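S.K.: For the sequence shown, counting from 1, position 26 maps to 26 in the UniProt record's numbering; every step adds exactly one.
Even for Gly, the Cβ is constructed at its ideal location relative to N, Cα and C.
Fair warning: this is a prediction, and the values are worked out from it, not measured in the lab.
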Amino acid sequence: MGKLDKADDYLKLNYPITFYPETDGGYTVTVKDLPGCISQGDTLEEAFVNIQEAKQAWIETALEYQDEIPLPKFQLELMPHLLRHSMKKRSPSNKLEPE
1 MGKLDKADDY
11 LKLNYPITFY
21 PETDGGYTVT
31 VKDLPGCISQ
41 GDTLEEAFVN
51 IQEAKQAWIE
61 TALEYQDEIP
71 LPKFQLELMP
81 HLLRHSMKKR
91 SPSNKLEPE
């Protein structure tokens, strides 16, 4: 993946979000990979929409101030596995072999 330099580049990434039900109703929702990116909503759907807006604002602000924007940890954890998988091909006998 090349250098990410636009908000849309980061918004296309799959940042995991976490929903927390509140005791008095509604939900708090966070993007743990983006420190301080938090929102809420009365329903799961509203909380989801609100966190998408918060994520966009977080990323746009970070770009404006030239702050580092972390990549989603989930994608970083998968990269070694994906790289190993992409370096293999199937032989005629249908066994995986290194290229």
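By DSSP's criteria, residue 29 is part of a beta bridge. Which residues make up the other side?
M.R.: Note: residue 29 sits in a beta bridge opposite 19 and 39.
S.K.: For residue 50 and residue 4, what's the separation of their Cα atoms in angstroms?
M.R.: Going by the C-alpha atoms only, they are around 24 Å apart.
S.K.: Please list the terminal residues of the continuous alpha helix (DSSP H) segment that includes residue 52.
M.R.: Where residue 52 is concerned, the enclosing alpha helix (DSSP H) stretches over 44–64.
S.K.: Which of the three DSSP states, helix, strand or coil, is assigned to residue 6?
M.R.: Reduced to three states, the DSSP call for residue 6 is coil.
S.K.: Let me know the secondary structure DSSP gives residue 12 once reduced to three states.
M.R.: Coil at residue 12, not helix or strand.
S.K.: Alpha carbon to alpha carbon, what distance is there between residue 25 and residue 83?
M.R.: Note that residue 83 scores a pLDDT of 44, beneath 50, so its modelled location is shaky and nothing firm can be said.
S.K.: Report yes if the CB atom of residue 47 is closer than 7 Å to the CB atom of residue 15, and no otherwise.
M.R.: Their beta carbons are not under 7 Å apart, which means residue 47 does not touch residue 15 by this criterion.
S.K.: For the putative contact between residue 11 and residue 56, defined by C-beta atoms under 8 Å, what is the C-beta separation to the nearest angstrom?
M.R.: Between residue 56 and residue 11 the Cβ distance is about 6 Å, and since that is below 8 Å, they are a contact.
S.K.: Compute the Euclidean distance between the alpha carbons of residue 45 and residue 68, then round it to the nearest angstrom.
M.R.: For residue 45 and residue 68, the distance between alpha carbons rounds to 29 Å.
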